[in-house]
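Keeping their order, the protein sequence lines are chains A and B.
First residue of the first sequence? That's 1 in full-length UniProt numbering, and the numbers climb one at a time after it.
First residue of the second sequence? That's 1 in full-length UniProt numbering, and the numbers climb one at a time after it.
Backbone N, C-alpha and C fix where the C-beta goes; we use that ideal spot for every residue, glycine too.
Remarks on the structure that follows.
2 protein chains.
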Amino acid sequence: QARLYLNTYALNLSLISVGYEKARQAVLSAEEQLMTGGRISLSSDEAKVDDLFMQYKLGELAQGFRNAEQNAAAMHFFKAKPLIDRSAVFRFLQQMPKGAVLHLHNSAAVSSKWVVQNMSYMPGMLRCTDAQGRSRLTFRRAAKQHGCSSQYVQVAEERRNSIDPALYDENLERLFNLYTPVPELEYPTITAVWNRFQGMFDTLTEAIYYLPAFRAYHWQLLEELFNDNVMYAELRVGLHELYDASGRTFPKEQAVRELLQLNEKFVRLHPNFLGIKLIHAVWRGADEQKMRQNVAEFKLLQSIFPDFLVGFDLVGQEDKGKPLYEQISALKELPSNTRLFLHAGETNWYSASTDINLLDALLLNATRIGHGFALVKHPILMNAVKTRQIAVELNPISNQVLHLVWDMRNHPGAQYMALDIPVVICNDDPGFWNAKGLSYDFYYAIMSLAPNNAGLRVLKSLAFNSVRYSALTEMEKQKAYKLLEYSWARFIEKVLQGKVF
Amino acid sequence: QARLYLNTYALNLSLISVGYEKARQAVLSAEEQLMTGGRISLSSDEAKVDDLFMQYKLGELAQGFRNAEQNAAAMHFFKAKPLIDRSAVFRFLQQMPKGAVLHLHNSAAVSSKWVVQNMSYMPGMLRCTDAQGRSRLTFRRAAKQHGCSSQYVQVAEERRNSIDPALYDENLERLFNLYTPVPELEYPTITAVWNRFQGMFDTLTEAIYYLPAFRAYHWQLLEELFNDNVMYAELRVGLHELYDASGRTFPKEQAVRELLQLNEKFVRLHPNFLGIKLIHAVWRGADEQKMRQNVAEFKLLQSIFPDFLVGFDLVGQEDKGKPLYEQISALKELPSNTRLFLHAGETNWYSASTDINLLDALLLNATRIGHGFALVKHPILMNAVKTRQIAVELNPISNQVLHLVWDMRNHPGAQYMALDIPVVICNDDPGFWNAKGLSYDFYYAIMSLAPNNAGLRVLKSLAFNSVRYSALTEMEKQKAYKLLEYSWARFIEKVLQGKVF
């Protein structure tokens with residue numbers, strides 16, 4: 001029985017027969033039980049941790065209610081971040097095992113600070129400017145390969161010659177970080193922020209596919225997830241050829257192989273980390289011929305790495321890109337067992353091609369939905385998602401920074417959770433907006449999307465959901481649950497020992 | 001069968017048996033039929049008007065899609081207004097019979113321009129400053145009566161002595177108009193805008209209750225509704241005693257009687273206007289004793305004006321005010337046949353006292369819900385509202401100006417309409433934010449809340465809903481429907497004669 005709504009039993013009770021208080025309590029409990037995590041029972045230790053957590057959570061919310069200028073739950077991430085960094089709730093979330101992150105783009109996954117402090121100090125990094133006036137970073141010498149229209153400059157030399165190298169690095173970081181203290185002024189429209197955002201991929205991607213950078217960057221990616229108590233990731237990768245200092249290039253297959261090897265090495269070093277798998281992500285604006293090529297390429301790579309490259313997706317600004325509907329004939333060439341993790345409904349438009357992507361994603365039998373921001377306006381599709389247990393990959397901070405929602409308490413994830421529609425909390429492109437790991441998104445999930453009185457039940461559900469709705473095999477899932485249960489138990493102990501708060 | 005969601009029949013059709021296209025079309029049609037107005041059939045003339053309307057609507061949306069800086073549907077009203085004023089869709093909506101407005105506060109109902117140009121030119125208007133530094137306008141001489149802490153100044157004299165009387169009037173208007181070209185800067189938080197908003201009632205209310213002003217003001221109120229093709233209003237009034245130039249005062253009963261007489265006179269002059277009825281609105285923060293007094297007063301007035309004063313409500317910033325739950329014992333003193341039109345869920349908080357007001361409103365058997373912005377997060381209550389046919393009074397611009405939502409396409413009204421939950425479009429306090437009549441709110445309803453492809457079916461439903469969910473008696477409703485049908489038919493003719501576009 002997968003009805004989204006309970007019936008109105010409680011509200012139809014006559015006040016005379018059960019009394020106002022009883023009817024009131026019945027509805028409140030029914031809503032609590034209906035929501036994500038509502039029917040989880042907590043152990044007595046967990047209940048103690050929940051009590052503790054709720055003290056901090058309610059304290060911070062009360063503070064935010066009294067002083068709207070300090071109400072992190074309602075503020076833009078760029079303004080809220082200093083508050084979040086001081087928050088006890090946030091420290092709790094950082095240490096809490098969060099399971100998996102299932103929506104994360106590799107080229108925007110690593111904190112921009114690391115990119116500046118490490119990658120940009122690698123010998124050989126060059127900067128040039130393309131026809132649109134955007135900086136492009138590369139380690140490759142041949143201009144035509146990456147669309148430069150200006151001369152190259154050595155980043156190391158520019159930095160040396162600058163008045164203030166620290167300031168140089170700050171400005172360099174701004175090339176791939178959207179942070180501004182006044183997002184409402186700097187990004188007045190969705191187009192303004194998407195233009196800069198899309199440009200940041202152009203700035204950075206080529207540099208990342210320089211073999212030594214590629215290895216260091218993805219190692220750091222794993223480190224940042226691991227350090228944030230994430231144990232597994234399904235990484236959307238836009239695969240490109242690799243190149244090295246001698247000018248040699250390596251096919252995309254080599255990029256996958258490198259990631260596989262890095263992953264194996266990282267997992268050996270960190271037995272509590274389960275590793276990553278890849279989702280092959282291609283540009284949604286491609287023409288039919290190019291899309292058929294992408295599909296063929298995916299088939300080939302999938303046959304080589306059947307357990308590592310687990311699915312397919314289309315990426316790029318959904319509003320401006322081609323609708324899924326136009327790509328269907330190419331997508332039908334995918335093997336019938338291909339798992340699709342499709343971006344759909346990342347929009348504020350209603351009944352436009354972007355939100356109708358949700359319908360096509362479901363008809364294409366998608367395994368999960370990326371964003372699904374607009375799903376909330378499509379009751380029939382929302383019901384299908386719940387019935388078929390198709391998880392929605394929520395990216396709260398991404399949706400805010402990229403101009404879909406201002407006050408995060410209006411994020412539709414709140415409603416998905418209220419209805420126990422399967423959701424997983426994801427971080428999308430944390431490196432591009434001053435975040436790191438998954439905890440900042442979890443902060444908004446529990447402080448802004450969940451009801452005020454929701455605590456450990458919701459958090460635990462979200463963590464376990466991330467395994468449940470992953471593309472892990474059944475056997476891998478068993479291992480993942482075991483590991484998550486183990487880390488969860490250790491975390492609960494740690495809280496009770498006073499090591500978290 | 002009052003299920004909110006259709007089942008997933010269409011989506012479960014196997015693609016082999018019916019084909020992708022058919023399944024796709026089935027879902028799209030099912031969603032269209034499910035929504036507000038989805039099952040209305042249009043006459044052939046109406047269908048022609050719909051086609052015409054859709055050309056303009058889709059044209060303006062396409063323009064907004066191409067140029068986000070000019071996308072009125074997504075912009076704050078203060079920024080969008082010049083665009084809306086030039087919009088053909090808006091001109092259509094202005095001339096369209098909109099039926100009734102069921103949520104409108106008398107002290108903020110009249111355009112601020114009129115108040116400046118007319119009321120402030122009445123002889124005897126004084127200005128003073130209260131302890132909070134707010135200007136207060138009055139025609140009464142005794143300072144203690146209206147909380148002034150400064151000396152009085154004659155508005156006429158101030159104006160005469162000012163360097164530029166036009167500039168003086170502009171500044172005077174700012175005292176009761178929230179307009180600013182940069183709302184995102186001037187009102188960074190809900191508290192900032194509510195403080196100014198609440199203060200504006202303090203500035204203006206006393207001046208309105210000066211008998212000559214009271215008459216002129218409420219006459220203008222009727223004019224503005226009538227001129228905007230609204231035919232009936234249920235006005236929330238905070239009743240105060242009246243006073244005149246000689247210092248005499250008149251009890252609240254007299255204020256009701258004045259409104260009744262104005263109304264009768266106005267209706268005689270405009271046979272196509274049905275008139276107004278009143279909802280007695282009291283401050284939600286009152287203590288129990290005061291609330292009991294309010295209830296007693298309402299009972300008395302209701303016995304005098306049984307057909308004119310038709311219901312009861314509590315007003316004031318809901319987040320900061322007392323929850324309904326605390327007022328229940330006083331509210332239970334109301335006669336059991338009292339119709340309650342309760343503000344509830346005007347908030348972004350989730351599971352706080354403000355949104356739990358929704359539950360109490362339903363348990364108190366409210367006739368309609370004011371705002372219900374947070375209802376969307378309460379699936380069980382949402383179901384109850386639909387099952388019991390309790391209309392939600394949507395106030396799109398109010399919710400935006402008062403900081404609940406930025407991009408109107410995120411307004412929960414979109415979801416209520418998707419689910420055919422009963423809604424009526426209202427304007428709340430248009431005089432305080434540079435609006436006039438109901439057409440601006442209708443503009444957002446059709447351009448931002450409704451799906452792109454929704455046209456006359458939705459508009460017609462919204463107009464007819466406003467009669468259906470009004471507090472008119474059955475006989476009055478019959479008359480209202482007739483009148484609305486008549487004006488609707490004349491409007492359709494007018495469009496076809498090319499007099500609208």
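7 Å Cβ cut-off: residues of chain B touching Val376 of chain A:
Gln415
Trp406 of chain B (DSSP reduced to helix, strand or coil)
coil
Can you name the residues of chain A whose CB is closer than 7 Å to the CB of Val405 of chain B?
Asn410
Bridge partners of Thr138 of chain A, per DSSP?
A:Leu126
First through last residue of the beta strand (DSSP E) which encompasses Gly99 of chain A:
99-105
Local conformation of Val237 of chain B per DSSP, three classes:
strand
Determine the DSSP secondary structure at Glu393 of chain A, reduced to helix, strand or coil.
strand
Using 9 Å as the threshold, is the C-beta distance between Val405 of chain A and Asp420 of chain B below it?
no
Backbone secondary structure at Ile279 of chain B - three-state DSSP:
strand
Since Leu359 of chain A meets chain B, which of its residues come closer than 8 Å, beta carbon to beta carbon?
Arg24, Val27, Leu28
Measuring straight from C-alpha to C-alpha, what distance separates Leu242 of chain A and Gln198 of chain A?
21 Å
For the stretch 183-209 of chain B, which segments carrying the beta strand (DSSP E) assignment without a break, of at least 3 residues, lie completely within its bounds, in sequence order?
none
With DSSP collapsed to three states, give me the class of Asp164 of chain A.
coil
Starting from His343 of chain A, follow the beta strand (DSSP E) in both directions and report where the run begins and ends.
341-344
Among B:Ile425, B:Asn171, B:Thr36, which has the Cα closest to the Cα of Tyr440 of chain B?
B:Ile425
Stretch-stretch touch, CB-based, cutoff 8 Å, three pairs: the stretch 304-317 of chain B with the stretch 275-288 of chain B
yes
With DSSP as the reference, please indicate the residues paired to Thr249 of chain B in a beta bridge.
B:Tyr243
Which residue spans inside the stretch 302-347 of chain B form an unbroken alpha helix (DSSP H) run of at least 4?
324-331
With a 10 Å radius around its C-beta and 16 neighbouring C-beta atoms as the bar for buried, classify Ala255 of chain B as buried or exposed.
buried
Given this structure, state the Cα-to-Cα distance separating Leu331 of chain B from Ala286 of chain B, to the nearest angstrom.
12 Å
Assuming Leu358 of chain A contacts His378 of chain A under a Cβ cut-off of 8 Å, what Cβ separation, rounded to an integer in Å, is found between them?
6 Å
Can you check whether the C-beta of Ser351 of chain A is within less than 9 Å of a C-beta belonging to chain B?
yes
Check Phe231 of chain B in the structure and name its three-state DSSP category.
Looking at the sequence shown, residue 231 of chain B is not Phe but Met. DSSP places Met231 of chain B in strand when its eight states are reduced to three.
Please work out which residues of its chain come closer than 6 Å, Cβ to Cβ, to Lys79 of chain A, disregarding the five sequence neighbours upstream and downstream, and give them in chain order.
none
Below 8 Å on the Cβ atoms is my contact criterion, and I expect Gly99 of chain B with Phe464 of chain B to pass it. Report the Cβ-Cβ distance as a whole number of Å.
7 Å
What does the Cβ neighbour count give for Asn229 of chain A, buried or exposed, with the cut at 16 atoms within 10 Å?
buried
Does Pro271 of chain A have its Cβ less than 9 Å from a Cβ in chain B?
no
So, does the CB of Ile380 of chain B fall closer than 9 Å to a CB anywhere in chain A?
yes
Under 9 Å between C-beta atoms, does Ala10 of chain B make it to chain A?
The pLDDT assigned to Ala10 of chain B is 45, lower than 50, so where the model puts this residue is not dependable; a value taken from the coordinates is nonetheless given after this. Yes, because at least one Cβ of chain A sits closer than 9 Å to the Cβ of Ala10 of chain B.
Of all the CB atoms in chain B, is at least one closer than 9 Å to the CB of Ile328 of chain A?
yes
Under 9 Å Cβ-Cβ, which residues of chain A neighbour Asn452 of chain B?
Trp349, Tyr350, Ser351, Ala352
How about Leu496 of chain A: is its C-beta nearer than 9 Å to some C-beta of chain B?
no
Check the Cβ-Cβ distances between Glu184 of chain B and every residue of chain A, and say whether any is below 9 Å.
yes
How is the beta strand (DSSP E) around Ile369 of chain A delimited, first residue to last?
368-371
Helix, strand or coil for Leu483 of chain B? Go by DSSP, reduced to three states.
helix
At a Cβ cut of 7 Å, what residues of the stretch 242-270 of chain A count as close to chain B, listed as they run along the chain?
none
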